[in-house]
Amino acid sequence: MVFRRHLCNILFILLFILVMLYFFEVDFKISLAIVTILFFLLKSRSYRIKGKKLSEYSFFFFKEYEININDIKEIEMITIIKNLRIIITVKGPREDRYKLIMKNGDIYEIPSYYYNKNRTLGRYLSEVHQIKKKEMDKYTFSAN
1 MVFRRHLCNI
11 LFILLFILVM
21 LYFFEVDFKI
31 SLAIVTILFF
41 LLKSRSYRIK
51 GKKLSEYSFF
61 FFKEYEININ
71 DIKEIEMITI
81 IKNLRIIITV
91 KGPREDRYKL
101 IMKNGDIYEI
111 PSYYYNKNRT
121 LGRYLSEVHQ
131 IKKKEMDKYT
141 FSAN
């Protein structure tokens, strides 16, 4: 099972970069090449579950790390709330990131925008593999 980023996030980033390149008057062919390269670099990171192993891959085939799913003690589902704002989630996860806490004390952080069939990686691990989950809200305050 492969978990990838939503295509909407990537297209929004690429559209922003394309607009910026237009305003800086970069040649169209060069800007298209830059956007294409960035698309593949942004799209390339993925997480794969095969058997009882969770692996992170970058640039399609480089394995960053591999962990055993049975070694995960709990999953912290972290939501960051800024300046006590009300959060309305239309589509997508409420969480901002997941912390996988291992039995040996290691911690792996995974962003919440990796999906497979409308289910995030953290929710999949907690539901299918019955890993204990702990939902947390973290509050940040700024002067703005």
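Just so we're aligned, residue 1 is where the sequence shown starts under the working numbering, counting upward by one.
From the three backbone atoms N, C-alpha and C, an ideal C-beta is built for every residue, glycine too.
All values reported here derive from a predicted model rather than from experimental measurement.
Asked                                                                                                 : Found
Meets three-Cβ-pair contact criterion under 8 Å: the stretch 75-83 and the stretch 52-67              : no
Rounded straight-line distance, which links the Cα of residue 62 to that of residue 77                : 27 Å
The stretch 103-123 / the stretch 46-54 touching (three or more Cβ pairs under 8 Å)                   : yes
Unbroken stretches of the beta strand (DSSP E), 3 residues or longer, contained in the stretch 96-135 : 97-102, 107-111 and 114-116
Helix, strand or coil at residue 83 according to DSSP, with G and I counted as helix                  : coil
Residue from 117, 99 and 103 whose Cα sits closest to the Cα of residue 110                           : 99
DSSP bridge partner residues for residue 74 (one or two, in chain order)                              : 101 and 132
Backbone secondary structure at residue 29 - three-state DSSP                                         : helix
Chain C within 8 Å of residue 81, Cβ atoms only                                                       : As a matter of chain content, chain C is missing from the structure shown, which is built from one protein chain.
Residue range of the beta strand (DSSP E) that includes residue 63                                    : 62-68
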